[in-house]
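Reviewing the structure listed below.
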Amino acid sequence: MKGGIRMNTRVLIVEDQFIEADNLRSILRNAGYIVCKIARSVSEGLKIIENEKPDLVLLDIRLKGELTGIDLAKILRDKNIAFVYLSSNSNRQILDTAKATKPYGFLVKPFREKDVLVMLDIAWYLHRQNQESITHLRRSLGSLSGNDFKEIIGSSESMREVMENVKIVGASDISVLILGESGTGKELIAQSIHRLSPRKQKPFVAVNCATLPANLIESELFGHEKGAFTGATDKRIGKFEQANEGTVFLDEIGELPLELQVKLLRVLQEKEVEPIGGRTRKVDARIIAATNRNLEEEISMRRFRLDLYYRLNVFPIMLPPLRERKEDIVSLANHFVNIYARKENKAITGVADHVIQTMLNYDWPGNIRELENLMARSVLLTNGPIVNSLKLSGQNKGIVIGAQARIKTMTENERDYILLVLEGCKWKIHGQGGAAELLDLHPSTLNSRMKKLGIGKKYSRDDYK
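Next comes the structure, spelled out in structure tokens:
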């Protein structure tokens, strides 16, 4: 079988050491591989790849120049061409660099015939297995439409990995835990998983555990019977029953009280809910949970149950903060400008270059939500064809001024951010375009946060410095 694989496999060697390259060519040809050519540089290798269409590339990881060996590895990944790294040593730094680009193998000089042939057979086998898995996945999912990733903007490597994970887990029925800072788009990811699942024709029910009053969470999740408690004048169907045969998205699961965590665990284990004052009922709902908290730390502090964590964390998806995917900022900004320009009936086509540079130099503590809010306000304030000015929050001034500057606390940062939004809304809290809507909070929750932070109406941020 190996001989058959080798006879049909076209190999390109990208190696600047003549003796080593010739040695590899001799080994491969004797074993039945088709050696396309030997490239002495990355740029030469790219030209050969376009013309010869190799199946497998042996690539010197140390190659330098305008394009490096690592750069070529990324291109090969994008082109779906299997590759094996070549190196003169196997130190930790090189291995870590190699691992990041996900090669199919790693050969260390001097190249011995047995080692080379075994590694190439393994690499080609792994590549074929990977191709078969992708083909099977595509058949399972069918052709994906643009709506499958509705409003998920991003071409960065980290977001491509997220979306690939969404495709994989969407076809299954297992529990998913989405991790990431506030404002990174966890609910959009949950919606995409639901749209790719066999449950897509059934309800998607979202619950924000952080905004529900503690005395109403159980009733909201599991429902209640009429007269079950004072004020229960009607029967209420809980979120899990509403989502029967569909998906329940539990946002900010880390905020769920311990006593409710026990009942949620029962839903996961027994597939049943018990409404307040009612009898146990069977329910079939997939659970997708999300949190911006470190649940392992919460477990160590006895604020989150370990058994529930294991039930939820079957397939974790980590969303990167915006500061770690800055290559997506331009496309996100233009996306939001287009949305709000249509809403405001304005002919705004984009963002000025100097504004983009300002955004790229900013750390975005509020992530995508902060960027969206900023673009919404900028569109309102723009009269010309492009967004030409920007008013960023001063949240990270303490970091950029210098080593002697005091770094602001999280509470101060939160106060700054809320004040910035309030000023942009002219202190309008309720209704469309109000601060509560822009901050994605219930008005009562926003009022509570303002009271806790000591924010009074008709003041500016300067009054809190």
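Numbering (our numbering), first residue to last: 43 to 507.
All C-beta atoms in this analysis are idealised placements derived from N, C-alpha and C, irrespective of residue type, glycine included.
Model, not experiment: these values are computed from the prediction.
Sixteen is the threshold: when 16 or more other Cβ atoms of the shown chains lie within 10 Å of the Cβ of His236, as they do, the residue is buried. Cβ atoms of Val126 and Pro145 come within 8 Å of each other, at about 6 Å.
Look at His484 here: in three-state DSSP terms it is coil, with no helix or strand label. Apart from sequence neighbours up to five positions away, the residues of its chain that approach Val249 with a beta-carbon distance below 8 Å are Glu262, Leu263, Lys281, Val290, Phe291, Leu292, Asp293, ordered along the chain. Nearest C-alpha to Leu481 among Asp157, Tyr75, Ser431, Ala418: Ala418.
Take Ile460, set aside five residues on each side of it, and the residues of its chain with a beta-carbon closer than 8 Å to its own are Ala477, Leu481, Leu488, Arg491, Met492, Leu495, Ile497, in chain order. Check the Cα spacing between Ile330 and each of Leu354, Ile69, Lys116: the tightest is with Leu354. Looking at the DSSP output, Val126 shares a beta bridge with Leu100. Taking every protein chain shown into account, the CB of Ser83 has 16 or more other CB atoms within 10 angstroms, so this residue is buried. Per DSSP, the continuous beta strand (DSSP E) segment holding Ala81 begins and ends at 76-81. Two segments are said to touch when three or more pairs of C-beta atoms, one from each, lie closer than 8 Å; by this definition the segment 318-338 does not touch the segment 365-379. Going by C-alpha positions, Thr400 is about 17 Å away from Val421. Nearest C-alpha to Cys467 among His377, Ser431, Ile428, Leu416: Leu416. Within the model, the alpha-carbon separation for Asp157 versus Leu149 is close to 8 Å. For Phe148, the enclosing beta strand (DSSP E) has its first and last residue at 148-150. In the DSSP annotation of this structure, the continuous segment of the alpha helix (DSSP H) that includes Val309 starts and ends at 300-312.
Of the residues assessed, Asp102 falls on the buried side of the cut-off, its CB having 16 or more other CB atoms within 10 angstroms. Comparing C-alpha distances from Glu283 to each of Glu297, Lys313, Glu414, Gly273 shows the shortest one belongs to Lys313. Here Thr400 carries a helix assignment [DSSP, helix/strand/coil].
Contact check for Ala389 and Asn430: beta-carbon distance about 14 Å, past the 8 Å limit, so the pair fails to qualify.
Taking the Cα of Ile231 as reference, the smallest distance to any Cα among Pro152, Val218, Ile55 is reached at Val218. With fewer than three CB-CB distances shorter than 8 Å, the segment 237-246 does not count as touching the segment 300-310. Only residues of its own chain outside the window of five on either side were considered, and among them Glu414, Met417 have a CB closer than 6 Å to the CB of Phe378, listed in chain order. By the neighbour-count criterion, in which a residue is buried when 16 or more other Cβ atoms sit within 10 angstroms of its Cβ, Leu348 is exposed. DSSP places Phe291 in the strand class (E or B) of the three-state scheme. The C-alpha of Leu128 lies about 7 Å from the C-alpha of Leu100. Nearest Cα to Pro363 within the set Ser214, Phe357, Asp405: Asp405.
In the structure shown, the three-state DSSP call for His266 is strand. Rounded to whole angstroms, the gap between the alpha carbons of Lys385 and Leu361 is 28 Å.
DSSP, read as helix, strand or coil, puts Leu118 in helix.
Secondary structure at Val249: strand, using DSSP grouped into helix, strand and coil.
Beta-bridge partners of Lys144 (DSSP): none assigned.
Under the three-state reduction of DSSP output, Arg345 falls in the coil class, being neither helix nor strand.
Considering only Gly273, Gly296, Glu260, the residue with the shortest C-alpha distance to Ile279 is Glu260. Rounded to whole angstroms, the separation of the alpha carbons of Arg71 and Ala124 is 19 Å. Taking the C-beta atoms as reference points, Ile194 is found no nearer than 8 Å to Ser224.
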